[in-house]
Amino acid sequence: MNREIPQWTLKDVQTHLQAAVDLELWTIPFYMAAMYSIKDRSDTSFQLIQTVVYQEMLHLQLAANVANAYGCEVSVTPPEYVGHHIPHLNFRLDKPDPRREFHPYSAEIGPLDVERANSMCLIEYPKWESHHPPELRPNIEEYGSIGQFYKAVRFGMIERAQDLRGGHNQVDVLRRFYQNVDRFTVHESGPAGLEQALRLISVITTQGEGETRGEVDVPTMFQNTADDANANWAHFGKFTDVREAVLGGCPPATYEGIKDPPPGSPGHAAQEILIRDFRRLCGEMQALFRGEPLGEFGPHMAKVGASIANCWKNGAVPRFS
487 MNREIPQWTL KDVQTHLQAA VDLELWTIPF YMAAMYSIKD RSDTSFQLIQ
537 TVVYQEMLHL QLAANVANAY GCEVSVTPPE YVGHHIPHLN FRLDKPDPRR
587 EFHPYSAEIG PLDVERANSM CLIEYPKWES HHPPELRPNI EEYGSIGQFY
637 KAVRFGMIER AQDLRGGHNQ VDVLRRFYQN VDRFTVHESG PAGLEQALRL
687 ISVITTQGEG ETRGEVDVPT MFQNTADDAN ANWAHFGKFT DVREAVLGGC
737 PPATYEGIKD PPPGSPGHAA QEILIRDFRR LCGEMQALFR GEPLGEFGPH
787 MAKVGASIAN CWKNGAVPRF S
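Per this note's numbering, residue 487 is the first one in the sequence shown, and the count goes up by one each step.
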């Protein structure tokens, strides 16, 4: 006997879309910390991770745009990085469990090493057990992969299409890097607005978070046309290369750091500066996603990068909260 499929409510969709914002945000400091631990910025691994970081910023914007179209009040708060917990993903539910291949891994901030490289591949892992239709998991902690999560999000969006309103707090600050796309917003309501919202989710998944396997090119329409030498590579493919470099006996030279440098030390001071700068950046992004002017988003983003590098150079593991 078939189990009845629960109906999605607008609250379910909003909760999942806020979770999408949270997950996209979570990846940015995690990837940036590993990236800035690499001493040589011309190293291929640095360059590959950097292109993914730029796209994660885009994905955060896109997730927020879709969330706003469904009436969310988007929240942007500094994530936590503890143990093996990656928000809203439970890899043991995936079949086969990808942790068997990408092990050991860690969800804690650290330098580019085996644990971080495996985590990057797990986060972007493109293969998942398919369900038709996908199951609604209201606690949003039971999706086996990011692909399964976004498949559920897409299904819920279609179920609640009547609640979508275009033109609400839409942000389009990164389109100049994507000349093959006319806009990255949901500016209409009704069927046309739903099509626009689903396309934004497709940008996220086809660039590397859930649909595009590592050996499949990102569609030309969604490729970075400005500053990515491997614009056709999905995130999983890029991180597979990074992992191979780490495991291959010639990993990039990285800085070392301690998590809790003593108060008064240069490392502790660098951590405090980063915590302050990242909190400001989160505030800027939340204000932007709630309809306020662009403000100092660009300068604050650059400052966070410099503060991460400063932590490593002063012997401290970066801290964001």
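Every residue, glycine too, gets a C-beta built ideally from N, C-alpha and C. Computed from a prediction, not measured in an experiment: that's the story for all the values here.
_His502 versus Val639 - alpha carbon distance_ = 6 Å
*Determine the direct distance from the alpha carbon of Pro597 to that of Ala795, and round the result to whole angstroms.*
11 Å
_Cα-Cα separation between Glu601 and Ile514, rounded to whole angstroms_ = 17 Å
_Tell me which residue opens and which closes the alpha helix (DSSP H) that Trp798 is part of._
783-799
_Own chain, CB closer than 7 Å to Thr495, minus 5 neighbours either side, in chain order_ = none
*Tell me whether Pro582 is buried or exposed, calling it buried when 16 or more other Cβ atoms sit within 10 Å of its Cβ.*
exposed
*Applying the criterion that 16 or more other CB atoms from any shown protein chain within 10 Å of the CB defines a buried residue, is Asn551 buried or exposed?*
buried
_In whole angstroms, give me the CA-to-CA distance for Asp649 and Gln547._
20 Å
*Under 8 Å between C-beta atoms of Val499 and Arg646*: yes
*asked:* Taking 8 Å as the threshold (C-beta atoms), are Pro565 and Leu608 in contact?
replied: no
*Does DSSP put Thr563 in a helix, a strand or coil?*
coil
*If you run the structure through DSSP and keep just helix, strand and coil, what is Ile572?*
coil
*Rounded Cβ spacing between Gly679 and Ala553 (contact assumed at less than 8 Å)*: The pair is not a contact, with the Cβ atoms about 14 Å apart (cut-off 8 Å).
*Please state whether DSSP places Ile524 in a helix, a strand or coil.*
strand
*asked:* To the nearest angstrom, how far is the alpha carbon of Arg685 from that of Arg661?
replied: 14 Å
_Using only the alpha-carbon positions, how far apart do Ser592 and Ala755 sit?_
25 Å
_Which listed residue (Arg776, Pro785, Glu758) has its alpha carbon closest to that of Ala802_ = Glu758
*How would you label Thr529, buried or exposed, when you count the other beta carbons within 10 angstroms and need 16 or more for buried?*
A quick correction: the sequence has Asp, not Thr, at residue 529. With 16 or more other Cβ atoms within 10 Å, it is buried.
*How long is the line joining the alpha carbons of Val562 and Tyr636, rounded to whole angstroms?*
19 Å
*Apart from the five residues just before and just after Thr671, which ones in its own chain have a Cβ nearer than 6 Å to its Cβ?*
Asn551, Gln656, Asp658
*Do you know how far the Cα of Ala739 is from the Cα of Arg586?*
27 Å
_Can you give me the C-alpha to C-alpha distance between Leu534 and Met543, rounded to a whole angstrom?_
15 Å
*Would you call Leu575 buried or exposed, if buried means 16 or more other Cβ atoms sit within 10 Å of its Cβ?*
buried
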